[in-house]
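S.K.:
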Amino acid sequence: MRFMIIVKATVDSEAGVMPSAGLIAEMADYHEQLAKAGVLLDGSGLKPSSTGWRIDYDGDEHSITQGPFAATKELIAGYTMIQVSSREEAIEWSRRYPNPAVDHGVGQIEVRQLFELDDFEPSEGLERMRSMNEQPG
Amino acid sequence: MIAAVARLTHDIGLAEDFAQDALIAALERWAKEGIPNNPGAWLTTAAKHRALDHLRRAPMLDRKHQELALGTESSHSDDRLIDALDQTVEDDVLRLIFTACHPVLSAEARVALTLKVVGGLSTKEIARAYLKSETTMAQRIVRAKRTLSEAKVAFALPAQQELDERLASVLEVIYLIFNEGYAASSGEHWIRQSLCDEALRLSRILAELMPQMPEVHGLSALLELQASRSKARVGKDGEPILLLDQDRTRWDQLLIKRGFAAIRRAEYAAQENNGAFGPYCLQAAIAACHAQASIADNTDWQRITALYDALAQITSSPVVELNRAVAVGMAFGPQSGLEIVDVLMQEPMLKDYPHFYSVRGDLLFKLERMAEAKAAFERAAELTNNERELGVLQRRIADCRS
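Protein sequences appear in the order of chains A and B. Heads up: the first sequence begins at 1 in this note's numbering, then just goes up one per residue. Heads up: the second sequence begins at 138 in this note's numbering, then just goes up one per residue.
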């Protein structure tokens, strides 16, 4: 099963403050451990929301808003994707995640499990997911 | 944990026993005192202490073993030894893999032991995956351990001169585990998936621990690329969907990306060591050709043919030759493919192999030699044990009439 460890944005990460050499080394160590345990799938930092945009939908209408966005705590600044054999294992790995805050102050990560198609009964639900995947594009 | 302890005891069976003891002690103690901050480390330390106790009490242990067990400097205190062990966990995992995959064991014993001591599956789960009773599987594992101990197999990495041969055995075991999970022939779905996941994890670990070996990356690339197709290869009624008929939008792009990265690492390792691509790298390169084609019609069959040529030269396997015939048929027309298949008619290994006759039938069908094609598909249908495959073949037989 796959989990995404989501690193929440901070005022610093939103301001584009680059992590210190110390934090980069800590992150590299941690991700190396993940790789050596065979659980690392993917991971990356994200640029500040000022480089991004949002699209809001309202029925058939949609509108684009350029970043940056407020409510920093709801933004994300990076992710690490792991593949493990149990929820407990995911919890154990996430507990070892370094404090991702650029200033080593207050930081937060959030862990979410990815859906697998197997999570759906072989039924209507699965077929809907499949038809979504089959759309051209 | 078992790896760290096995390095002390030189005996996987003993190491497992100590780990078990430590677990029981932990459950008693944690029930009273609560779970410690880092349960894994607590357990490993407890198991190592038990192993050290055992070593001190084991007069039958010969001096040489003791020297090995306690390191070359005999002045080490136990605590310093434990510190040293914690720093070499990676090597321990490698030693464990190489010991469990020792060629003195049969392939099925290597598979069972590897899953048990390196992977994360219980004996019950391994038994279910291989459709054996738990007792049978437990006996197989016990026998494997006994064989290792009787053959006095050292819990150590192989020396340079036998490394290639021993590594081939390790890679084979991982590939067998993956294929058992990947083949849709038997077992419950979730357990098949967990075999694939275990094999993927083992290949990823090995790629980190032995980055200098091209074939290690080759196997890892091959498994990533094959796993990337797993959601597309079974239809909604559970019927198998052949590679060329799969909906490629359902291939897992993350695993494909990882597969390509592993191939690049294999190329780099081969360059660094002046090594050539082995069978896993070549098969991964073939899988990569498929992954690169967004639709089946864009497949670079000429490149695949060239890769199969290289693979056939180093493996001289009739099954590889059969796959080469398919590629040649796609690249240069069915007549060229059929010429290779006709030569293989003499091959005893393929005499009862259903896929051989379906390949032959397909080439004949494309040449519009319908009567011969029908006979070939009928032979394939007689030989297959797989109901889903039988259904596909019956449709092809029916197509030959029209």
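Just so you know, even glycine gets a beta-carbon here, dropped at the ideal spot from N, CA and C.
#1: If you follow the beta strand (DSSP E) that A:Gln66 is in, where does it begin and where does it stop?
#2: According to DSSP, simplified to helix, strand and coil, what is B:Trp388?
#3: Please return the same chain residues whose Cβ sits closer than 6 Å to the Cβ of B:Arg525, not counting the five positions on each side in sequence.
#4: Please list the terminal residues of the continuous alpha helix (DSSP H) segment that includes B:Tyr312.
#5: Just to confirm my understanding: we take A:Val7, look at its own chain, exclude 5 residues before and 5 after, and list those with CB closer than 7 Å. What are they?
#6: In the region 329 to 345 of chain B, which residues sit with their C-beta less than 9 Å from some C-beta in chain A, listed in chain order?
#7: Hey, would you say B:Leu504 sits closer than 8 Å to B:Pro455, going by beta carbons?
#8: Kindly say whether B:Leu242, judged by its beta-carbon, lies nearer than 8 Å to any beta-carbon of chain A.
#9: Could you tell me whether any Cβ in chain A is nearer than 8 Å to the Cβ of B:Ile356?
#10: Could you spell out where the beta strand (DSSP E) holding A:Val111 opens and where it closes?
#11: Should B:Val255 and B:Ala266 be called a contact, given that it needs their Cβ atoms to be closer than 8 Å?
#12: Taking only three categories from DSSP, how would you classify A:Thr51?
#13: Quick check on A:Leu41 - is its C-beta less than 8 Å from some C-beta in chain B?
#14: If I measure Cβ to Cβ from B:Asn460 and keep anything under 7 Å in the same chain, skipping five residues before and after, which residues do I get?
#15: Tell me which residues share the same chain as B:Lys253 and place their Cβ nearer than 6 Å to its Cβ, disregarding the 5 neighbours each side in the sequence.
#16: Where are the alpha helix (DSSP H) runs, 4 residues long or more, that stay fully inside the region 249 to 302 of chain B, in chain order?
#17: Who are A:Thr80's beta bridge partners in DSSP?
#18: Determine the DSSP secondary structure at A:Asp56, reduced to helix, strand or coil.
#19: Please report whether the beta-carbon of A:Val11 lies at a distance below 8 Å from any beta-carbon of chain B.
#20: In the structure shown, what three-state DSSP assignment does A:Asp12 receive?
#21: Compare the C-beta of A:Ala138 with all C-beta atoms of chain B and state if any pair is closer than 8 Å.
#22: According to DSSP, what are the bridge partners of B:Val371?
#23: Between which two residues does the alpha helix (DSSP H) holding B:Thr452 run?
#24: Which residues, in order along the region 91 to 111 of chain A, keep a beta-carbon less than 8 Å from a beta-carbon of chain B?
#25: Taking any Cβ of chain A, which residues in the region 243 to 260 of chain B have a Cβ under 8 Å from it, in chain order?
#26: Is it a yes or a no for the region 338 to 346 of chain B touching the region 309 to 317 of chain B, going by three-plus beta-carbon pairs under 8 Å?
#27: Sort B:Ile432, B:Gln276, B:Asp228 by Cα distance to B:Phe292 and report the nearest one.
#28: Quick one: does A:Ser85 have its CB under 8 Å from some CB of chain B?
#29: Measure the alpha-carbon distance for B:Ala424 versus B:Leu362 and round it to whole angstroms.
#30: Between the Cα of B:Gly474 and those of B:Phe493, B:Arg280, B:Ser270, B:Lys488, spot the shortest distance and give me the residue it belongs to.
M.R.: Once the coordinates are examined:
#1: 61 to 66
#2: coil
#3: Glu376, Pro377
#4: 297 to 319
#5: Ile76, Ala77, Gly78, Tyr79, Pro100, Ile109
#6: Gln330, Ser331, Asp334, Glu335, Leu337, Arg338, Leu339, Ser340, Arg341, Ile342, Leu343, Ala344, Glu345
#7: no
#8: no
#9: The displayed chain sequence assigns Leu, not Ile, to residue 356 of chain B. It does not: the Cβ of B:Leu356 has no partner Cβ on chain A nearer than 8 Å.
#10: 109 to 113
#11: no
#12: helix
#13: yes
#14: Tyr445
#15: Ile278
#16: 260 to 266, 271 to 287
#17: A:Ile5, A:Gly43
#18: strand
#19: no
#20: helix
#21: What the structure shows of chain A is the stretch from 1 to 137, and residue 138 of chain A is not part of that stretch, so it cannot be assessed.
#22: B:Pro377
#23: 438 to 452
#24: Glu92
#25: Gly257
#26: yes
#27: B:Asp228
#28: yes
#29: 6 Å
#30: B:Phe493
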